[in-house]
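Residue numbers (this note's numbering): 26 to 424.
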């Protein structure tokens with residue numbers, strides 16, 4: 026028994042070292058497994074470093090030319106979201122600026138703006154913004170509402186003070202119900218802090234699947250499947266092949282994960298409320314699951330370029346179904362169920378809840394249990410795939 030076990034371990038070590046050698050001899054594999062894992066997360070992190078879009082260029086069309094309209098324009102410019110870069114004389118001129126891309130929004134202050142306010146009548150500030158670009162629209166609309174709302178509150182407080190009310194009473198009447206907002210886990214409300222942790226998980230998965238597919242396609246392309254055929258015995262079957270190769274990929278990706286999840290995470294000051302030990306506890310099964318899935322499908326690629334084409338085609342689908350670009354609750358249930366074919370679908374919410382929200386393993390038992398089942402299923406599928414691939418090679422050799 027011990028001899029058999031020793032032989033099995035020797036085979037695992039053989040395939041582990043052989044796969045590492047094959048990876049480092051393949052420039053394309055090195056590019057995907059190592060260089061891409063540095064470039065992609067770094068580019069995303071740099072792009073989202075500012076977190077929130079600020080100082081969006083807008084135009085203010087002031088048709089009133091009064092002291093109060095100029096004050097409104099200054100308050101809009103003082104908001105962190107907006108930057109008044111143009112003050113055209115008409116809405117037609119502002120429209121031209123908008124279509125030329127020089128401004129992302131237009132605010133129109135109507136005639137009799139100050140007169141209506143002083144006479145106690147309601148007046149309007151019209152906001153034009155491009156709703157097709159939702160992030161810009163949100164900031165333009167939010168900045169305009171905040172600036173105009175602050176101006177309106179100040180006017181109301183001055184009116185009440187003129188009526189003889191105390192300062193405290195005027196403030197309380199102007200805002201009888203105050204909302205105290207506490208931004209949990211993402212204090213800045215930044216888009217980068219929201220999307221980057223999930224993107225990192227996706228990058229780890231997609232690059233590993235592409236790389237494993239390329240390695241499998243290379244074996245078929247160069248007709249070197251006999252290396253596996255000669256070493257695999259009937260007793261152990263394809264198990265040593267799968268374990269050895271999977272350990273090689275996981276070994277490389279542990280260093281990639283350290284760079285993405287530790288160095289970049291702290292470098293760009295992403296929220297961090299989780300335990301490193303707990304993160305490792307879910308990371309290792311995740312990497313193994315992805316590697317087993319990659320090995321299971323790699324035998325179907327006759328050429329290395331096919332894996333690249335297939336995975337690149339699949340990446341937008343995986344991103345959408347992951348729940349990052351669109352809430353999982355709003356995805357049709359059957360589609361979201363299909364999305365769980367990919368390990369990232371369950372790993373992303375588990376990682377975010379643990380790393381960003383500070384959840385413990387005891388609060389993630391369902392997700393972690395699902396991943397462990399998934400890991401076993403993909404391991405079995407990988408073994409079966411390689412078993413049939415080896416059998417097919419044997420028949421081809423006999424012929």
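Idealized CB from N, CA, C, for every residue including glycine.
Check, Outcome
"Under the rule that 16 or more other beta-carbon atoms within 10 Å means buried, what is residue 72, buried or exposed?", "exposed"
"Using a Cβ distance threshold of 8 Å, determine whether the region 362-372 contacts the region 268-287, with at least three qualifying pairs required.", "no"
"Measuring straight from C-alpha to C-alpha, what distance separates residue 270 and residue 210?", "38 Å"
"So, do the region 374-390 and the region 312-331 have three or more beta carbon pairs nearer to each other than 8 Å?", "no"
"Residue 213 and residue 76: beta carbons closer than 7 Å?", "yes"
"Just curious, the beta strand (DSSP E) that residue 110 is in, first and last residue?", "107-111"
"Tell me the DSSP secondary structure of residue 154 in three-state form.", "strand"
"Using the DSSP secondary-structure output, state which residues sit across from residue 85 in a beta bridge.", "132"
"Would you give the residue range spanned by the alpha helix (DSSP H) that residue 346 belongs to?", "329-346"
"Is the CB-CB distance between residue 107 and residue 85 below 7 Å?", "no"
"Once DSSP output is grouped into helix, strand and coil, what is the label at residue 265?", "helix"
"Do residue 243 and residue 329 have their beta-carbon atoms positioned less than 7 Å apart in this structure?", "yes"
"Roughly how many angstroms separate the alpha carbons of residue 413 and residue 326, rounded to a whole number?", "14 Å"
"Quick check: residue 153 and residue 131, are their CB atoms within less than 7 Å of each other?", "yes"
"Given a cut-off of 7 Å on the beta-carbon distance, is the pair residue 58 and residue 264 in contact?", "no"
"Determine the contact status of residue 65 and residue 228, defining contact as a CB-CB distance below 7 Å.", "yes"
"With a threshold of 16 other CB atoms inside 10 Å of the CB of residue 189, please say whether the residue is buried or exposed.", "exposed"
"Using the beta-carbon count (16 or more within 10 Å), is residue 89 buried or exposed?", "buried"
"Between residue 241 and residue 361, what straight-line distance do the alpha-carbon atoms span, to the nearest angstrom?", "29 Å"
"With distance defined between alpha-carbon atoms, name the residue in 52, 230, 217 and 234 nearest to residue 292.", "217"
"Please report the straight-line C-alpha distance between residue 144 and residue 162, rounded to a whole angstrom.", "32 Å"
"Helix, strand or coil for residue 292, going by three-state DSSP, please let me know.", "helix"
"Just to confirm before moving on: does the CB-CB distance between residue 410 and residue 392 stay below 7 Å?", "no"
"State the Cα-Cα distance for the pair residue 150 and residue 141, rounded to the nearest angstrom.", "12 Å"
"Determine the extent of the alpha helix (DSSP H) in which residue 371 is found, giving its start and end residues.", "368-380"
"Where residue 109 and residue 207 are concerned, what is the direct C-alpha to C-alpha distance, given to the nearest angstrom?", "30 Å"
"Taking the alpha-carbon of residue 63 as reference, which of 342, 350, 289 and 340 has the nearest alpha-carbon?", "289"
"For a quick check, are the C-beta atoms of residue 138 and residue 94 less than 7 Å apart?", "yes"
"Rounded C-beta distance between residue 314 and residue 388? I'm assuming under 8 Å.", "Rounded, the Cβ-Cβ distance is 21 Å, inconsistent with contact."
"Specify the secondary structure class of residue 281 as computed by DSSP and reduced to three states.", "helix"
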